[in-house]
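Novice: Sharing a structure below in structure tokens format, with a few things to ask.
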Amino acid sequence: WEAKVGLEVHAQINTSCKLFSSSPVQFYAPPNTLVSYVDAALPGTLPVLNRECVKAGVATALALSFKINRRSYFDRKHYFYCDLPAGYQITQQRVPLGVDGGLTSYVVSPRKVNHLIDGTFMPRKTLSVRLKQIHLEQDSGRSIYDGYGRQTLVDLNRAGIGLMEIVTECDFGCGQEAVGFVKELLAVLRSINTCTGNFDEGAIRVDANVSINRSGDPFGTRTEIKNISGLRLLGKAIDNEIERQINHVESGGKIVHETRGYDEKLGLTLRMRDKEGHKDYRYIPEPDLPPLVLLHQEDCTELPDDDPWKPVNIHTVLKSMPILPAEIRANLMDSYGIIYGIRC
């Protein structure tokens, strides 16, 4: 059997205000104290795009080698849930911010001696991961359950916070490869300061799409594991779902296109609902936002770069980029003869 795994990484943008409103972003604020009229979707309110979120998205796209679309568009993704006041999410479905990126990640497997892990590691193997797209979208609020199943509490402080969704191709074959990619992605995001990468604050949330097939056969039906909130859980959830699908098919069953969640206590993925399709979301162009237009000019001095009405200049963002982790590692390895991944 072969497994094909793709990831959708939702990274909260590290800015002081939300994507379409001036409400501040603070994780530890009391519930429902950072909610503007736009966040609450009151009738008549209009979104205003936060320029700092666009700059963060462009910086991330550059760091991940995406081809940036100089003109992208916002769309409405419709679905009903109690923590989404408007009944739709503003995202980029037709033309995203960037496409066709890539990132080289690393995988380390513990060296086993007599079936026990001896604490040493083999040299890391590299994995070239293709990135399908990156786009901007707004986060939803938080649903909090009382533990007795009697009521659901809603906190809208998170509603409207800017997200970067980074979508990979199905280039992973196991949980360990996916974990290695997310680790490398976190290192990049933290180095350019576009996302804190704190799993415990929900700044990074990962969905995994898993399918299996016999060697040489087409991809099988995929399932989606939603909202995996930790590297350790990510590897376990993917490997468990691969094992479940293989056992299910070998016993005569068929894989259903569905959404599942990972239960850490049981060590199992559990069915949540049927997977929604493209038609279920009823995408339409966002009528309240113009196209997102980016400049790419070496000399653009008509307005200062911090002017909120000036289009973001890709060249200006590129000039301010720091050295990325891969280049730092390469310099250290060349200078000191270090073999990356060996631990004694």
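Read left to right, the sequence shown gives residues 1 to 344 (our numbering). For each residue, glycine too, the CB sits at the ideal point set by N, CA and C.
1. By the three-class DSSP mapping on this structure, what secondary structure does residue 132 have?
2. Is residue 190 helix, strand or coil by DSSP?
3. Identify every residue that forms a DSSP beta bridge with residue 53.
4. Assign residue 61 to one of three DSSP states: helix, strand, or coil.
5. With three or more beta-carbon pairs closer than 8 Å as the criterion, would you say the stretch 160 to 167 touches the stretch 126 to 136?
6. From the DSSP output, in three-state form, read off residue 105 for me.
7. Compute the beta-carbon to beta-carbon distance between residue 71 and residue 90, rounded to the nearest angstrom, for a pair I have assumed lies under 8 Å.
8. Do residue 7 and residue 178 come within 8 Å of each other at the CB atom, strictly closer than that value?
9. Suppose the cutoff is 6 Å on Cβ atoms and the five residues either side in sequence are ignored; what does the same chain contact list for residue 200 look like?
10. Inspect the CB distances between the stretch 221 to 240 and the stretch 23 to 35 and report whether three or more fall short of 8 Å.
11. Pick out whichever of 67, 53, 86 has its Cα sitting closest to the Cα of residue 357.
12. Considering just the uninterrupted stretch of the beta strand (DSSP E) at residue 333, what are its terminal residues?
13. Out of curiosity, what's the CA-to-CA distance linking residue 197 and residue 127?
14. Residues in its own chain within less than 8 Å of residue 61 by CB, not counting five upstream and five downstream?
15. From what residue to what residue does the alpha helix (DSSP H) around residue 241 run?
16. Identify, in the order they occur along the chain, each residue of the same chain with its Cβ nearer than 7 Å to the Cβ of residue 1, setting aside the five sequence neighbours on each side.
17. Return the first residue and the last residue of the beta strand (DSSP E) that residue 317 is part of.
Specialist: Judging by the given coordinates:
1. strand
2. helix
3. Partner(s): none; residue 53 has no beta bridge.
4. helix
5. yes
6. strand
7. In fact, because the Cβ distance is near 17 Å, the residues do not count as touching under 8 Å.
8. yes
9. none
10. no
11. Nothing about residue 357 can be read from this structure; the chain reaches only from 1 to 344.
12. Unbroken run through residue 333 is the alpha helix (DSSP H), 325 to 336; no beta strand (DSSP E).
13. 21 Å
14. 68, 97, 98, 101, 134
15. 231 to 250
16. 212, 214, 246
17. No beta strand (DSSP E) contains residue 317, which is instead part of the alpha helix (DSSP H) from 314 to 319.
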